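K.L.:
Sharing a structure, written as structure tokens. Questions coming.
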Amino acid sequence: MNKELEQASFSQGGSEKSDVLHNLADYKFYIENHGCQMNVYDSRKIVDLMIDFGFTQTFNSQEADILIFYTCNIREKAAQRVFSNIGFLKNQNTKVIAVGGCVAQAEKENIFKHKGVNIAFGPQVYHKLPSYVSSVLSGQKDKILDIEFEQDKKFGCLHDRREVSYSEFVTIQEGCDNFCTYCVVPYTRGREYSRPALDIINETKTLLKNGAKEIILLGQNVNSYHGEAPYINIGKPKGTWRLERLIQEISSLDGLRRLRYTTSHPKDFTTELMEIHADTPVLPPFAHIPAQAGSDRILKMMNRGHTAREYLDKLKKFRDICPNIHFSSDFIVGFPSETDEDFEDTLKLVREAKYTISYSFKYSRRKGTPAAVMDSQVSEAVKTERLKILQETLLKDQIYYNNQLVGQTNEVLFEKVGRKPKQYIGKNAYSQSVIVESDKNLIGEFANVFIEKASENSTLGRLA
Ligand code: SAH
Ligand code: SF4
Ligand code: F3S
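End of the sequence shown = 1488 in this note's numbering, gap-free, step of one.
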């Protein structure tokens, strides 16, 4: 490695302030975030760490001294966006450019080929970013690369949120040991790490005390959570808690109105978790359980660890245990060697599964993953065609479910304003968008809505 890129050695926690920079508050930072919900959690934490260290946040990139890009590497498009944005946002005030997250982890020192980048930091070391920024500002270093995996240290350095929103994420598990052959996550986020249950409970309690109403537990493979149990039975080791136990504990905390968790892997979805859904009012009757494909041959090549039938049987069992449950899923079309027959199997699975909502993607060839070097890569044209057919099929179910909602009263948590004046948009228990008109600002509020109309992607209603 280039000598200049040697990792800077700071004590953890980003708490060592620079001797050279006296007025840190004069330096404004701007953060741009891409990627999954875990990146939202991370970037909220980065903002707090930077402010705690003494820097000032700005929402205007043009006046920022420090530009932070927190990135996603899951598909090629997501990764490319970072570099066009750096060029776009850089200006005469820019003194430090830091690229963090999954692209930094994957690209390593190659990040510095992009002019002006000073710091490349992986998703497991962002607690050290404030120190790194200050050492670039003070001229001690010009290039810093840190892509260590130190999940336990990172979580140990994070403090309570400065400003709590009505809906907050709590990362409970990070990294992935599943190694699906198309996916970068095991390489960018590292091996699976589960936070101790007590840390999660304490973080959640503080968020609820400070105004959060909805908590979303996050993990790349959230239902394989196995964190240290909080209690010591004298003479016995602490043991571990599974997601099921953690949900039971958190669901009874004061102030919690809605609890979600994502993302689940089908093979780790237990009958006990289904039963907890049936018995836990704060858990909406909704589960995101990605299938990815419907052909057993492709599922095997993807290393998903289950067949289409095993997947569908789980959904059926879940519906038996919890009759009002709704599902969503992710799909990849055009995985290497996928034939028309394989794709037909995906459509068959979709027709049987009946999803309320789903996300589908064209397979993207990711450097360093086993699938990237598989024979028979599928052409772009075929991927485009299959994606269109799949999305039309998924949309039919989505419209069907939205229409089913008409005449029902749903509890909605409002998140943003709509396009028209006085419009507010929120999510019902099934993560479907619901739009209402109101004179009162509804953002961050739960309200019951009588659903009057349904369209493809949302429903319209009036406050009940
Ligand atoms: N841990 C989650 C998914 C994380 S990535 C899980 O296992 O379900 C989110 C979604 O991105 C995946 O479900 C998959 O559908 C999609 N994805 C991941 N890698 C991809 C790739 N190389 N090309 C296209 N889509 C991909
Ligand atoms: Fe990626 Fe598979 Fe892990 Fe999900 S389970 S993060 S798709 S490797
Ligand atoms: Fe993207 Fe990394 Fe999340 S690759 S999807 S930001 S785990």
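Note that beta-carbon positions come from the ideal geometry of N, C-alpha and C, so glycine has one too. These numbers were taken from a predicted model, which means no experiment stands behind them.
May I ask you to verify whether the stretch 1184–1200 touches the stretch 1237–1244, counting CB pairs closer than 8 Å and requiring at least 3?
P.N.:
A contact exists between the stretch 1184–1200 and the stretch 1237–1244.
K.L.:
Does the beta carbon of GLN1244 fall short of 7 Å from some heavy atom of the ligand F3S?
P.N.:
Answer for GLN1244: yes, Cβ within range of the ligand F3S.
K.L.:
Under 8 Å, do ASN1097 and VAL1208 count as touching if we go by C-beta distance?
P.N.:
yes
K.L.:
Quick one: complete beta strand (DSSP E) runs, 3+ long, within the stretch 1097–1126?
P.N.:
1120–1125
K.L.:
List, from N- to C-terminal side, the alpha helix (DSSP H) runs of 4 residues or more that fit wholly inside the stretch 1125–1204.
P.N.:
With a minimum length of 4 residues, the continuous alpha helix (DSSP H) runs that stay inside the stretch 1125–1204 are 1126–1131, 1153–1161 and 1175–1181.
K.L.:
Who pairs with GLU1252 in a beta bridge, going by DSSP?
P.N.:
THR1264
K.L.:
From the DSSP output, in three-state form, read off ILE1283 for me.
P.N.:
The sequence shown places Leu at residue 1283, rather than the Ile named in the question. LEU1283 carries a strand assignment under DSSP once its states are collapsed to helix, strand and coil.
K.L.:
Out of curiosity, what's the CA-to-CA distance linking PHE1367 and ALA1317?
P.N.:
Between the alpha carbons of PHE1367 and ALA1317 lies a gap of roughly 8 Å.
K.L.:
Rounded to a whole number of angstroms, what is the C-alpha to C-alpha distance between THR1433 and LEU1419?
P.N.:
Roughly 23 Å separates the two Cα atoms.
K.L.:
Expressed to the nearest angstrom, what Euclidean distance is found between the alpha-carbon atoms of PHE1310 and PHE1351?
P.N.:
6 Å
K.L.:
Is there at least one non-hydrogen atom of the ligand SAH closer than 7 Å to the beta-carbon of THR1491?
P.N.:
Summary: the structure shown does not reach residue 1491, with the chain confined to residues 1025 through 1488, and so no result is reported for it.
K.L.:
On the three-state DSSP scale, how would you describe GLU1376?
P.N.:
GLU1376 falls in the helix class under three-state DSSP.
K.L.:
Which term fits TYR1217, buried or exposed, when burial requires 16 or more other beta carbons within 10 angstroms of its beta carbon?
P.N.:
buried
K.L.:
Note down the Cα distance separating TYR1211 from GLN1447, rounded to an integer number of angstroms.
P.N.:
TYR1211 and GLN1447: Cα-Cα distance of roughly 42 Å.
K.L.:
Please report the straight-line C-alpha distance between ILE1070 and ALA1130, rounded to a whole angstrom.
P.N.:
The alpha-carbon atoms of ILE1070 and ALA1130 are separated by roughly 20 Å.
K.L.:
Inspect the beta-carbon positions of CYS1099 and HIS1058 and report whether they are closer than 8 Å.
P.N.:
The identity of residue 1099 in the sequence shown is Arg, whereas the question assumes Cys. Going by C-beta atoms, ARG1099 is not nearer than 8 Å to HIS1058.
K.L.:
Between ASP1369 and SER1319, how many whole angstroms is the CB-CB distance? I'm expecting something under 8 Å.
P.N.:
4 Å
K.L.:
Looking at the ligand SAH, does it come within less than 7 Å of VAL1209, judged from the CB to the closest heavy atom?
P.N.:
Yes, the beta carbon of VAL1209 sits closer than 7 Å to at least one heavy atom of the ligand SAH.
K.L.:
Check whether the Cβ atoms of LEU1484 and LYS1477 sit closer than 8 Å, and answer yes or no.
P.N.:
yes
K.L.:
Please tell me whether PRO1154 and PHE1077 are closer than 8 Å, where the distance is taken between their beta carbons.
P.N.:
yes
K.L.:
Sort GLY1125, GLU1174, GLU1187 and VAL1120 by Cα distance to LYS1165 and report the nearest one.
P.N.:
VAL1120
K.L.:
Between SER1248 and the rest of its own chain, which residues show a CB-CB distance below 6 Å, the 5 nearest in sequence each way excluded?
P.N.:
ASP1292
K.L.:
Which same chain residues, not among the five before or five after ARG1328, have their C-beta less than 7 Å away from its C-beta?
P.N.:
CYS1204 and GLN1316
K.L.:
Put TYR1424 into one of helix, strand or coil per three-state DSSP.
P.N.:
helix
K.L.:
Please go through the same chain and pick out, in chain order, the residues whose beta-carbon is closer than 7 Å to the beta-carbon of GLU1461, but skip the five residues on each side of it.
P.N.:
In chain order, LYS1446 and GLN1447 place their CB closer than 7 Å to the CB of GLU1461, counting only its own chain and leaving out the 5 sequence neighbours on each side.
K.L.:
Name the residue from PHE1107, VAL1149 and ARG1068 whose alpha carbon lies nearest to the alpha carbon of GLY1505.
P.N.:
Residue 1505 cannot be examined here, being either before or after the span of the chain that is shown, 1025 to 1488.
K.L.:
Ignore the nearest five residues each way along the sequence and tell me which others in ARG1281's own chain have a CB closer than 7 Å to its CB.
P.N.:
LYS1237, GLU1238, VAL1306 and PHE1470
K.L.:
Can you tell which of LEU1045, THR1294 and ASN1117 has its C-alpha closest to the C-alpha of ALA1088?
P.N.:
Considering only alpha carbons, the answer is ASN1117.
K.L.:
Where does SER1276 land, buried or exposed, given buried means 16+ other C-beta within 10 angstroms?
P.N.:
exposed
K.L.:
Are there 16 or more other CB atoms within 10 angstroms of the CB of ASN1465, so buried, or fewer, so exposed?
P.N.:
exposed
K.L.:
Please report the straight-line C-alpha distance between SER1158 and ARG1215, rounded to a whole angstrom.
P.N.:
Near 30 Å, if we compare the C-alpha coordinates of ARG1215 and SER1158.
K.L.:
Are the beta-carbon atoms belonging to TYR1383 and ASP1344 less than 8 Å from one another?
P.N.:
no
K.L.:
How do the stretch 1334–1348 and the stretch 1386–1398 stand: do at least 3 beta-carbon pairs fall below 8 Å, yes or no?
P.N.:
no
K.L.:
Taking 7 Å as the cut-off, is the C-beta of THR1287 nearer than that to any heavy atom in the ligand SAH?
P.N.:
yes
K.L.:
Among ASN1427, VAL1458 and ASN1426, which has the Cα closest to the Cα of LYS1440?
P.N.:
VAL1458
K.L.:
Out of ASP1170, PHE1438 and PHE1145, which one is the CA nearest neighbour of SER1455?
P.N.:
PHE1438
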